[in-house]
Amino acid sequence: MNILLTGGSGYIGSHAAVALAQAGHKVVLYDNLSNSQLDVVSRVGRILGYPLVLIEGDVRAPDLLGQALREHSIDAVVHFAGLKAVGESVAQPLTYYDNNVTGTQCLLRAMHRCGVRTLVFSSSATVYGEPRYLPLDERHPTSAVNPYGRSKLHIEEMLSDLALSDASWRIACLRYFNPVGAHESGLIGEDPNGIPNNLMPYIAQVATGRRDRVSVFGGDYETPDGTGVRDYIHVTDLAHGHLAALNFLASASGVGWHAFNLGTGKGHSVLEVIQAFERASGMKVPYEIVARRAGDVASSYASSDKARHMLGWQAKLGLDEMCASAWRWQRYCAQL
Ligand code: NAD
Ligand code: WQD
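Everything in the sequence shown is counted per this note's numbering, starting at 6 for the first residue and increasing by one.
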């Protein structure tokens with residue numbers, strides 16, 4: 006298949022590009038480089054042994070998008086492009102609705118015009134809002150607790166309406182849990198600008214000495230050790246989930262709109278992640294327990310049964326591999 010990856014030079018997109026290209030697909034990247042560097046594309050090329058095409062553009066630019074879809078005879082789109090910082094979305098909701106929701110509308114219009122009807126969308130476990138029961142399965146009610154989450158929910162609903170209106174669409178919303186880790190080569194990974202919002206990149210920067218200690222947000226949750234529990238998933242497993250979703254959409258059952266959780270089904274606490282990172286890196290990761298972070302829930306983890314049954318996919322890599330790969334990537338970053 007010829008596959009366009011919007012946001013393809015970002016953290017998850019670059020790993021999916023490797024997995025899809027290694028499975029024999031022709032992959033074209035489309036990214037405005039608002040949160041990624043051109044150099045990522047050359048490192049993806051080093052992993053693959055050949056260069057990928059990057060079209061530098063915004064998903065809100067319909068003409069360029071249409072041209073990309075036609076010139077590369079695109080069969081399917083994987084839509085990673087979007088803004089993802091929860092706090093920033095609270096401060097700048099319109100920026101998030103414009104980039105994420107309007108951006109997706111523009112993409113869908115361009116796909117419609119060019120006759121491309123297969124889409125995999127990067128959704129998030131955030132669409133479940135506050136968990137009413139665990140593990141979270143795809144039937145759990147959806148709700149949004151911040152503008153970022155609301156943008157994901159709007160997009161999922163828009164995609165569902167579209168699939169109902171026209172039976173030729175094949176759409177999979179992949180609800181990622183907590184993606185972490187890096188490609189085994191150590192050449193690509195997550196490299197946030199400024200102070201990391203997320204736990205794993207923060208721990209990695211403490212381990213290298215770039216930051217003093219991890220602030221553990223809350224030690225009094227109803228969890229085994231009092232710290233927050235999440236379903237961390239290796240980005241390589243996540244990347245393979247996209248391949249499985251594309252194969253499913255191409256099958257007879259792929260018609261219509263579908264939602265799948267991509268998680269491991271296992272929860273790990275903040276302290277467990279810190280300890281695993283210390284084992285993987287051989288470095289000390291000092292931490293201090295501080296107040297809870299507003300908006301955090303005690304525990305969140307997936308039921309991944311639907312993806313296992315319908316996509317034939319399940320996560321293979323554990324927390325130790327996640328930490329080891331994140332550490333390898335962090336050491337590479339230190340030389341960049
Ligand atoms: P990322 O920021 O590394 O990648 C997103 C890419 O999209 C970047 O390269 C950025 O330059 C590009 N982009 C943003 N807006 C664009 C636009 N308007 N036009 C073209 N390109 C644009 O983020 P990521 O972690 O790789 O996330 C990818 C997707 O997965 C996002 O939609 C995100 O919301 C979703 N997601 C991420 C996580 C996570 O924890 N990383 C969890 C759940 C869902
Ligand atoms: C994990 C755990 C924190 C940082 C976020 C988004 C979600 C999704 C994934 C996109 C929690 C604790 C964290 C730190 C800490 N993104 N923590 N100290 O909050 O589960 O999910 O990223 O869709 O929408 O909300 O991930 O990595 O921020 O936090 O103690 O410095 O680590 O309290 O328990 P989160 P996270």
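The C-beta atom is built at its ideal place from N, Cα and C for all residues, glycine as well. If you're wondering where the values come from, they're calculated on a predicted model, not measured in any experiment.
Flag VAL64 as yes when its Cβ comes closer than 8 Å to any non-hydrogen atom of the ligand NAD, and as no otherwise. Start at 1 with the first residue of the sequence shown, and residue 64 comes out as number 59. Yes, the beta carbon of VAL64 sits closer than 8 Å to at least one heavy atom of the ligand NAD.
Give the secondary structure of THR109 by DSSP, where H, G and I count as helix, E and B as strand, and everything else as coil. Here residue 109 corresponds to residue number 104 of the sequence shown, with the count starting at 1. DSSP places THR109 in helix when its eight states are reduced to three.
Per-residue burial, TYR138 [other beta carbons within 10 Å of its own, 16 or more giving buried]: Indexing the sequence shown from 1 puts residue 138 at position 133. With fewer than 16 other CB atoms across the displayed protein chains lying within 10 angstroms of its CB, TYR138 is exposed.
Considering only the alpha carbon of each residue, which of SER14, LEU112, SER94 and PRO67 lies closest to LEU43? Position 38 of the sequence shown, counted from the start, is the residue given in the question as residue 43. The shortest C-alpha separation from LEU43 is found at SER14.
So who's on the other strand from TYR237, going by DSSP bridges? The sequence position of residue 237 within the sequence shown is 232, counting from 1. Its beta-bridge partners are ASN183.
Does the ligand NAD have a heavy atom nearer than 8 Å to the CB of PHE265? The count along the sequence shown starts at 1 and reaches residue 265 at position 260. Because no heavy atom of the ligand NAD lies under 8 Å away, the Cβ of PHE265 does not count as near it: no.
What are the start and end residues of each continuous alpha helix (DSSP H) run of 4 or more residues lying completely inside the region 96–149, in chain order? Listed in chain order, the complete alpha helix (DSSP H) runs (minimum 4 residues) inside the region 96–149 are 98–101 and 108–119.
ALA28 vs LEU248 beta-carbon contact at 9 Å: Position 23 of the sequence shown, counted from the start, is the residue given in the question as residue 28. Position 243 of the sequence shown, counted from the start, is the residue given in the question as residue 248. Inclusion of ALA28 and LEU248 in the CB contact set at 9 Å is warranted, their separation being smaller than that value.
With a threshold of 8 Å (Cβ to nearest heavy atom), would ASN183 be considered close to the ligand WQD? The residue you call residue 183 lines up with position 178 of the sequence shown. Correct: ASN183 has its Cβ closer than 8 Å to the ligand WQD.
Along the alpha helix (DSSP H) that carries SER156, what are the first and last residues, could you check? For this step, residue 156 is matched to residue 151 along the sequence shown. Per DSSP, SER156 belongs to the alpha helix (DSSP H) from 152–170.
Candidates GLY270, HIS117, ALA250 and SER305: which alpha carbon is nearest LEU316's? Position 311 of the sequence shown, counted from the first residue, corresponds to residue 316. When each option's Cα is compared against that of LEU316, the closest is ALA250.
Over the uninterrupted beta strand (DSSP E) stretch that includes VAL64, give me the two end residues. For the purposes of this step, residue 64 is taken as residue 59 along the sequence shown, with counting starting at 1. Careful: VAL64 lies outside any beta strand (DSSP E) and carries neither H nor E.
Among all residues, which have a Cβ less than 6 Å from at least one non-hydrogen atom of the ligand WQD, and in what chain order do they fall? Counting only beta-carbon distances shorter than 6 Å to the non-hydrogen atoms of the ligand WQD, the qualifying residues in chain order are LYS89, VAL91, SER129, THR131, ASN183, ASN202, ASN203, LEU204, TYR207, VAL219, SER220, VAL221, PHE222, GLY233, ARG235, VAL275, ARG298 and ASP301.
What's the gap between the Cα of ASP80 and the Cα of CYS119? As a position in the sequence shown, residue 80 is number 75, starting the count at 1. As a position in the sequence shown, residue 119 is number 114, starting the count at 1. About 10 Å.
Once the 5 residues before and after PRO184 are set aside, which same chain residues still bring their CB inside 7 Å of it? Numbered from its first residue, the sequence shown carries residue 184 at position 179. Hits under 7 Å: ILE17, ILE238, VAL240 and LEU243.
Any non-hydrogen atom of the ligand NAD within 8 Å of ILE79 CB: Here residue 79 corresponds to residue number 74 of the sequence shown, with the count starting at 1. Incorrect: ILE79 has no Cβ contact closer than 8 Å to the ligand NAD.
Length at least 4, wholly inside the region 248–319: the alpha helix (DSSP H) runs in chain order: DSSP runs (the alpha helix (DSSP H)) wholly in the region 248–319: 275–286.
So, for VAL23: in the same chain, excluding its five sequence neighbours on each side, which residues have a beta-carbon less than 8 Å away from its beta-carbon? Within the sequence shown, residue 23 is the residue found at index 18, counting from 1. Its chain contains VAL49, ILE52, LEU53, HIS188, ILE193 and ALA244 as the residues whose beta carbon lies nearer than 8 Å to that of VAL23, once the 5 sequence neighbours on both sides are disregarded; these appear in chain order.
So is the beta-carbon of TYR35 under 8 Å away from any non-hydrogen atom of the ligand NAD? Here residue 35 corresponds to residue number 30 of the sequence shown, with the count starting at 1. Yes, the Cβ of TYR35 comes within 8 Å of a heavy atom of the ligand NAD.
Coil, strand or helix - LEU59 by DSSP: Here residue 59 refers to the residue found at position 54 when the sequence shown is read from its first residue. Looking at LEU59 - three-state DSSP - the assignment turns out to be strand.
Report all residues from its chain with a CB closer than 6 Å to the CB of ILE60; omit the five preceding and five following residues, and keep chain order. Mapped onto the sequence shown, residue 60 falls at position 55. Contacts found: TYR35 and ALA73.
Since ARG175 sits in a beta bridge, which residues does DSSP pair it with? Numbered from 1 along the sequence shown, position 170 holds the residue referred to as residue 175. Listed as beta-bridge partners of ARG175 by DSSP are THR123 and GLY261.
Sequence-distant residues of its chain with Cβ nearer than 8 Å to MET163 (five each side left out): If you number the sequence shown from 1, residue 163 lands on position 158. Excluding residues within five positions, the ones whose Cβ falls inside 8 Å are VAL106, THR109, GLN110 and LEU113.
Can you list, in chain order, the residues of its chain with a C-beta nearer than 7 Å to that of GLY289? Leave out the 5 residues immediately preceding and following it. The residue given as residue 289 occupies position 284 in the sequence shown. Residue identity check: residue 289 is Lys in the sequence provided, not Gly. The answer, listed in chain order, is GLU283.
Within 9 Å, strictly: CB atoms of VAL295 and PRO136: As a first step, residue 295 is located in the sequence shown; it is residue number 290 there, counting from the start. As a first step, residue 136 is located in the sequence shown; it is residue number 131 there, counting from the start. No, these two residues do not count as a Cβ contact at 9 Å.
How far does the beta strand (DSSP E) with ASP36 in it extend, from its first residue to its last? As a position in the sequence shown, residue 36 is number 31, starting the count at 1. It spans 31–36 - the beta strand (DSSP E) in which ASP36 sits, taken as one unbroken run.
If you compare alpha carbons, which of ALA331, GLY259 and GLU227 is closest to ARG344? There is no way to answer for residue 344, as the model of the chain reaches only from 6 to 341.
Using DSSP bridges, identify the partner residues of VAL221. To locate residue 221, count along the sequence shown from 1; it is residue 216. DSSP, once it has assigned bridges, lists ILE294 as partnering VAL221.
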